[in-house]
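What follows is a short report on a single structure.
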Amino acid sequence: MFFKSSKINEFRLWGLLLTMIGMGLMVLGTAGIVFWGQSGKVVAGIGLVIGLIAMLGSLAVYFIAGMLSTSAVQLECPECRKLTKMLGKTDRCMFCKTMLTLDPDRANITAEQLQQQKMAAAHSAKS
0 MFFKSSKINE FRLWGLLLTM IGMGLMVLGT AGIVFWGQSG KVVAGIGLVI GLIAMLGSLA
60 VYFIAGMLST SAVQLECPEC RKLTKMLGKT DRCMFCKTML TLDPDRANIT AEQLQQQKMA
120 AAHSAKS
């Protein structure tokens, strides 16, 4: 992962970037008519076509992210206690960016150890 966020949020980020790039190309292409007059129509046409392709790419990315989101495993983040979705064997929490895993070989702490730490913390808070 390039950024430190969940995989589903990464997909959504790329969809948003494609949308902004596509809209920007369309606006800049149309501005070519204002700057160059009749010869700017070629620039406008190219900008509109490339912008349309970027917008269709964004549509595809959002569709794929939605389909992945429906089949993602939902679990409660041990750090922030919020319900988050996880793709693959490891992912990050959508809210607090904590690394999550369902693979016991990749985990550096087991669920039992986590529960013992929480009970010890609650016990020391009461004292």
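Residues in the sequence shown are numbered consecutively from 0, following numbering that gives the first Met the number 0.
Glycine is no exception: its CB is placed at the ideal position from the N, C-alpha and C atoms.
None of the values given here were measured: they were computed from a predicted structure.
Residue i in three-state terms, based on DSSP
i           : result
residue 69  : helix
residue 75  : strand
residue 86  : coil
residue 138 : Outside the displayed range of the chain (0 to 126) lies residue 138, so it cannot be described from this structure.
residue 91  : strand
residue 0   : Confidence is the limiting factor: at residue 0 the pLDDT is only 45, short of 50, which leaves the residue's position unreliable and the question unanswerable from this model.
residue 8   : helix
residue 49  : helix
Cβ-based neighbour list, residue i, same chain, cut-off 7 Å, excluding 5 preceding and 5 following
i           : result
residue 71  : 7, 84, 85, 86
residue 98  : 89, 91
residue 57  : 14, 17, 18, 21
residue 82  : 73, 75
residue 100 : 88, 89, 106
Cβ-based burial, residue i [other Cβ within 10 Å; buried from 16]
i           : result
residue 119 : exposed
residue 33  : exposed
residue 36  : exposed
residue 60  : buried
Contact under 8 Å by Cβ, residue i with residue j
i          : j          : result
residue 28 : residue 47 : yes
residue 50 : residue 39 : no
residue 53 : residue 20 : yes
residue 77 : residue 24 : no
Contacts around residue i, its chain only, beta-carbon distance under 8 Å, and the 5 residues preceding and following it disregarded
i         : result
residue 0 : In this prediction, residue 0 has a pLDDT of 45, which is less than 50 and means its spatial position is unreliable; nothing more can be read from the coordinates.
Cβ shell of residue i (< 6 Å), same chain only, five flanking positions each side left out
i           : result
residue 102 : 88
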